[in-house]
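Below: one structure, written as structure tokens.
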Ligand SMILES: Cc1ncc(COP(=O)(O)O)c(C=O)c1O
């Protein structure tokens, strides 16, 4: 195509193709086992697929209501009450979204004004900062300790100023697999009480938590819930990342602003899937079993990797496992990850891409949301290097 004009004046001049797209493409080209991007390689529950088909046959093929199918919002409200003993009104405190990414983008679009500061912990999932910047905000990043990934709340306190509009947390945390404890949440609550600071709590892995730990949702803490947008993903929970279905919870006044943006962004999202998810959520075991399911995969993968030269501490949540390769190579993590794809046929994500100033700690992120067979094949190769 002939280029007529190039005066778009990029709003995101430094943004490049996401590392997930880069690594998945490279994995595809090299026919590598793909443990990079975070999605399962096994099928979702046939019952859920049948429910979607049925909803289509039943004619649920036109626009859903703007905030989402009321029955689904009611089931979500029931789930949140069951798990976190918090009440969200399905009428005006829950919106169904096209995945958590759209929910996060909408939260930021609705709340960030020019010059507002947003505290972001690094390593961070990659969709937060570009969206903050698009709306004129300034990310204030805090690098977490690369060993423990614990939050230094004194540092947070120091960085809070009159410009701070929002803090973003993510628990269980991508990419580290760390989780925020009850005392972390209480520290945060103490810091935010008597301020107007908003909270975006990205809880897409809420059901993927291990070793008997309990997910500490912002919904559990009244001083956080009153100011929180909580985002969630059915893609992560029900093995359907390609469906891009999720939701956002917030108190009515915040949700009102969220919906002002939502209605002109997507208006409403996939109707038959909402109808299916409404029925599927009526069985709590469909999401309660997820932690046990993935813990078996984590344990299998780690057992298979125990004699490798990688160093690791078991992930506490999410379906990611970090592995340190400092005993194997001094290469930069991006180069090492690319070489692993090309030379041995296993794809991972280099963690520096999530870090402040691309801090390279010689760590790769492996996704173990894969069939046992895939994990065995990958581990066998990784143990040889
Ligand atoms: C921390 C985190 N937040 C949000 C998302 C996006 O979720 P969705 O696919 O529902 O948009 C992801 C996906 O990898 C994630 O890891």
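Residue numbers (my numbering): 38 to 422.
Glycine is no exception: its CB is placed at the ideal position from the N, C-alpha and C atoms.
Check	Outcome
Assumed close pair residue 109, residue 294 - CB separation to whole angstroms, cut-off 8 Å	The Cβ separation is near 22 Å, so there is no contact.
Cβ pair count under 8 Å reaching 3, the stretch 130 to 149 against the stretch 181 to 194	no
Residues of its chain near residue 262, where Cβ-Cβ distance is below 8 Å and the 5 sequence neighbours each way are ignored	123, 255, 256 and 288
Complete runs of the alpha helix (DSSP H) confined to the stretch 116 to 173 [at least 4 residues]	136 to 148 and 165 to 171
CB of residue 241 within 9 Å of CB of residue 279, strictly	no
Distance between residue 169 and residue 163 (C-alpha atoms, nearest Å)	11 Å
Any non-hydrogen atom of ligand 1 closer than 8 Å to residue 64 Cβ	no
Per-residue DSSP class, three states only, for residue 110	helix
Proximity to residue 237 [Cα-Cα], best of 156, 365, 281 and 81	156
Residues bridged to residue 267 (per DSSP)	238 and 286
Touch test, the stretch 70 to 84 against the stretch 378 to 391, Cβ-Cβ under 8 Å, three pairs minimum	yes
Euclidean distance between Cα positions of residue 179 and residue 95	50 Å
Rounded separation between residue 219 and residue 356 - CA only	21 Å
Cβ-Cβ distance between residue 404 and residue 76 below 9 Å	yes
Extent of the continuous alpha helix (DSSP H) to which residue 84 belongs	83 to 94
Collapsed DSSP secondary structure at residue 79 in the structure displayed	coil
CA-to-CA distance, residue 49 to residue 368, given in whole angstroms	29 Å
Whole-number beta carbon distance between residue 213 and residue 359, since they are thought to touch under 8 Å	6 Å
C-beta atoms of residue 92 and residue 313 nearer than 9 Å	yes
Whole-angstrom C-beta distance between residue 174 and residue 154, which should lie under 8 Å	7 Å
DSSP state of residue 188 mapped onto helix, strand, coil	coil
Limits of the unbroken alpha helix (DSSP H) element including residue 332	327 to 342
Residue 299 vs residue 103 beta-carbon contact at 9 Å	yes
Short Cβ contact (9 Å threshold) for residue 310 with residue 131	no
Residue 253, DSSP secondary structure in three states	coil
Buried versus exposed call for residue 415 [16 or more other C-beta atoms within 10 Å across all chains shown]	buried
Where the beta strand (DSSP E) containing residue 312 begins and where it ends	Note, residue 312: premise wrong, no beta strand (DSSP E); alpha helix (DSSP H) at 308 to 317.
Sheet register partners of residue 435 (DSSP bridge)	The question about residue 435 has no answer, for the chain in this structure spans 38 to 422.
N-terminal and C-terminal residue of the beta strand (DSSP E) that residue 402 is part of	400 to 404
Under the three-state DSSP convention, the category residue 193 falls into	helix
Span separating the alpha-carbon of residue 393 from that of residue 306	34 Å
Whole-angstrom C-beta distance between residue 258 and residue 222, which should lie under 8 Å	5 Å
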